[in-house]
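All residue numbers for the sequence shown refer to the numbering used here, where the first residue is 2 and numbers rise by one. Glycine residues also receive a C-beta, built at the ideal position from the N, C-alpha and C atoms.
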Amino acid sequence: MTLRRRPWGILDRFIIKELKGPFLFGVLAFTVLLVAGDLLFKLADLIIEQGVSLNVIVRLFLYSLPAVVVLTLPMAALLSTLLTFARLSSTSEIGAFRASGISFQRIVRPVLVASVAVALLATLMGETLVPLTSRAAENVLRYEVAKQRISLVKDHVFLREEEGGRLKRVVYISRLKPRSGTMEGVLLQEFEEGRLRQILSAERGAWVEGEWWLDDGKVFDVEPSGKVSLLFRFQRQKLTLRLAPEQLERVSRKPEEMNVPELLEQIALVDQQGVDVRALWVMFHLRLAVPWASVVLALVGAALGVRPQRSGSGSGVGLGLSVVIVFAYYVIMSFCQSLGQGGYLPPLIAAWSPNVIFLIAGGALVRRANR
């Protein structure tokens with residue numbers, strides 16, 4: 002009777018305690034599977050083919066580990082509920098709860114609470130630790146493995162702006178130094194009604210008090226016939242470019258090296274240049290959706306764990322079944338992601354569809370388990 006009266010009592014604490022061990026086992030097991038299946042082969046190749054030192058390999062391994070762990074959290078949530086509820090069912094404890102009048106939905110409540118906590122943890126890690134470690138791993142690969150110079154120079158930068166769906170301006174920068182706020186070899190083409198109207202060229206430019214200023218340049222007029230004539234020369238002229246040096250530097254980062262606010266800013270910057278941003282929007286929504294797979298997969302695992310055919314199943318069988326379910330989830334996710342990037346589905350729907358599909362399936366299994 003105590004179990005039924007208290008909103009969060011003995012039953013909840015009991016279920017959470019039972020989930021802890023299998024969850025930690027799941028994180029370890031899936032991390033080993035992912036690391037052994039991909040990361041270790043890459044690291045071994047670096048040692049054999051390029052003679053990379055053990056010190057560098059260890060750092061690359063540690064920097065790559067947080068991203069792997071974030072992926073394993075939803076998998077571990079699935080495995081832990083599957084193993085826990087299979088054990089409780091095989092020892093007739095689930096049956097005892099039901100006999101005392103406790104519904105299966107009530108038994109699953111602490112699972113949902115715990116899986117939400119796991120989803121929040123995955124989101125937090127994905128927004129804080131993973132971008133930092135991914136950037137660190139990229140720097141190690143670039144500057145210590147590939148032996149690239151730590152150069153703060155970007156060559157051949159193109160910026161494209163549109164207005165009303167028509168090309169307005171194209172900016173070409175031969176050499177950009179974002180950290181020092183300088184540029185060299187600037188060429189600006191202004192368009193009007195789809196026609197090239199004016200060309201500006203400058204030897205150099207600098208970021209001064211929040212504005213870009215060009216030095217030693219020329220401005221040319223382009224007639225409808227295509228004839229180009231010099232209008233004037235200038236020693237110094239303002240360039241109306243809305244991107245600050247640090248923004249230009251951020252544009253060159255990979256999306257996995259950014260957190261959500263930085264990714265949103267990246268999308269806005271790229272969109273200003275008239276580039277298709279559907280793929281970036283899909284990635285943005287996936288960053289939010291994938292951690293919450295912990296909730297829907299945990300629900301599926303709990304419902305499958307109490308089926309009679311799962312009674313007495315060991316951790317090996319549970320791990321195998323979890324791998325199959327996770328594989329199905331990521332196949333659906335990859336398919337929806339491709340549809341979103343191709344424009345066949347809105348990015349929001351493409352990213353969240355796998356969660357919705359498995360949530361519906363999990364809800365149906367829970368209702369069936371309650372009979």
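* Does DSSP put Lys169 in a helix, in a strand, or in coil? -> In the sequence shown, counting from the first residue as 1, residue 169 sits at position 168. Note: Lys169 maps to strand in three-state DSSP.
* Asked: Which residue from Pro67, Pro292, Met259, Leu168 puts its Cα closest to that of Leu281?
  -> Indexing the sequence shown from 1 puts residue 281 at position 280. Closest option to Leu281, Cα to Cα, is Met259.
* Asked: Does DSSP put Ala278 in a helix, in a strand, or in coil?
  -> Along the sequence shown, one-based indexing puts residue 278 at 277. Here residue 278 turns out to be Val, not Ala, going by the sequence shown. In the structure shown, the three-state DSSP call for Val278 is coil.
* To do: With a threshold of 16 other CB atoms inside 10 Å of the CB of Ala87, please say whether the residue is buried or exposed.
  => Locating residue 87 in the sequence shown gives position 86, where the first residue counts as 1. Counting Cβ neighbours within 10 Å, Ala87 comes out buried, since at least 16 surround it.
* Does the distance from the C-beta atom of Leu188 to that of Arg170 stay below 9 Å? -> Your numbering for residue 188 matches position 187 in the sequence shown. Your numbering for residue 170 matches position 169 in the sequence shown. No. Outside cutoff.
* Would Tyr330 be called buried (16 or more neighbouring beta carbons within 10 Å of its own) or exposed? -> Position 329 of the sequence shown, counted from the start, is the residue given in the question as residue 330. With 16 or more other Cβ atoms within 10 Å, it is buried.
* To do: Sort Glu257, Gly363, Ala290 by Cα distance to Arg136 and report the nearest one.
  => Locating residue 136 in the sequence shown gives position 135, counting from the first residue. Nearest of Glu257, Gly363, Ala290 to Arg136, Cα basis: Glu257.
* Do you know how far the Cα of Leu25 is from the Cα of Leu84? -> Position 83 of the sequence shown holds residue 84. Position 24 of the sequence shown holds residue 25. Near 12 Å, if we compare the C-alpha coordinates of Leu25 and Leu84.
* Which first and last residues belong to the alpha helix (DSSP H) in which Ile58 is found? -> For the purposes of this step, residue 58 is taken as the residue at position 57 of the sequence shown. Where Ile58 is concerned, the enclosing alpha helix (DSSP H) stretches over 55-91.
* Beta-carbon proximity check, Trp353 vs Ala290, cutoff 9 Å -> Here residue 353 refers to the residue found at position 352 of the sequence shown. Here residue 290 refers to the residue found at position 289 of the sequence shown. The answer is yes: Cβ separation under 9 Å.
* Asked: What are the start and end residues of each continuous alpha helix (DSSP H) run of 4 or more residues lying completely inside the segment 92-134, in chain order?
  -> Correct list: 94-100, 105-128.
* Would you mind working out which of Ala370, Trp208, Glu164 sits nearest Leu246, comparing C-alpha positions? => On the sequence shown, position 245 is the one that residue 246 refers to. At residue 246 the sequence reads Pro, which differs from the Leu that was named. Of the residues Ala370, Trp208, Glu164, the one whose Cα lies closest to the Cα of Pro246 is Trp208.
* Asked: Does the Cβ of Arg368 have 16 or more other Cβ atoms within 10 Å, making it buried, or fewer, making it exposed?
  -> Here the question's residue 368 lines up with position 367 in the sequence shown. Arg368 comes out exposed.
* Would you mind working out which of Phe98, Ala203, Val112 sits nearest Lys219, comparing C-alpha positions? => As a first step, residue 219 is located in the sequence shown; it is residue number 218 there, counting from the start. Comparing Cα-Cα distances from Lys219 to each of Phe98, Ala203, Val112, the minimum goes to Ala203.
* Please check the pair Ile333 and Pro355, which I expect to be a contact at CB under 8 Å, by giving their CB distance rounded to whole angstroms. => Along the sequence shown, read from residue 1 onward, the residue named residue 333 stands at position 332. Along the sequence shown, read from residue 1 onward, the residue named residue 355 stands at position 354. Going by Cβ atoms, the distance from Ile333 to Pro355 rounds to 5 Å, so yes, they are a contact pair.
* To do: Can you say whether Gly127 is buried or exposed, counting buried as having 16 or more other CB atoms within 10 angstroms of its CB?
  => Position 126 of the sequence shown, counting from 1, holds the residue named residue 127. The residue is buried, with at least 16 neighbouring Cβ atoms inside 10 Å.
* Simplified DSSP assignment, three categories, for Ala245 -> On the sequence shown, position 244 is the one that residue 245 refers to. In the structure shown, Ala245 sits in coil (DSSP, three-state: anything other than H, G, I, E or B).
* **Simplified DSSP assignment, three categories, for Met184** => Mapped onto the sequence shown, residue 184 falls at position 183. Looking at Met184 - three-state DSSP - the assignment turns out to be strand.
* Through-space distance from Phe233 to Trp53, alpha-carbon basis -> Looking up residue 53 in the sequence shown gives position 52. Looking up residue 233 in the sequence shown gives position 232. Note on identity: in this sequence residue 53 is Val, with Trp being the wrong assignment. Straight-line Cα distance between these residues: approximately 56 Å.
* Nearest chain B C-beta to Leu72 closer than 9 Å, yes or no? -> The structure shown has no chain B; it contains just one protein chain.
* What are the boundary residues of the alpha helix (DSSP H) that Val297 is part of? -> On the sequence shown, position 296 is the one that residue 297 refers to. Looking at the DSSP string, the run of the alpha helix (DSSP H) that includes Val297 is 294-306.
* Asked: Is Glu224 helix, strand or coil by DSSP?
  -> Along the sequence shown, one-based indexing puts residue 224 at 223. In the three-state reduction of the DSSP assignment, Glu224 falls in the coil class.
* CA-to-CA distance, Ile103 to Asp13, given in whole angstroms -> Taking the sequence shown and counting its residues from 1, one reaches residue 13 at position 12. Taking the sequence shown and counting its residues from 1, one reaches residue 103 at position 102. Going by the C-alpha atoms only, they are around 12 Å apart.
* **When Pro292, Val324, Leu298, Trp213 are compared against Thr124, the one with the closest alpha-carbon** => Position 123 of the sequence shown holds residue 124. Nearest neighbour of Thr124 by Cα position, chosen from Pro292, Val324, Leu298, Trp213, turns out to be Pro292.
* Asked: Using the C-alpha atoms, what's the distance from Tyr345 back to Ile358?
  -> The residue given as residue 358 occupies position 357 in the sequence shown. The residue given as residue 345 occupies position 344 in the sequence shown. Rounded to the nearest angstrom, the two C-alpha atoms are 18 Å apart.
* **Cα-Cα separation, Val373 to Arg205** => Residue 373 is absent from the structure shown; the chain starts at 2 and stops at 372.
* To do: Measure the CB-CB distance between Val325 and Leu34 and report whether it falls below 9 Å.
  => Position 324 of the sequence shown, counted from the first residue, corresponds to residue 325. Position 33 of the sequence shown, counted from the first residue, corresponds to residue 34. The beta carbons of Val325 and Leu34 sit no closer together than 9 Å.
* Asked: So, helix, strand or coil for Glu266, using DSSP?
  -> As a first step, residue 266 is located in the sequence shown; it is residue number 265 there, counting from the start. Residue state, collapsed to three classes: helix.
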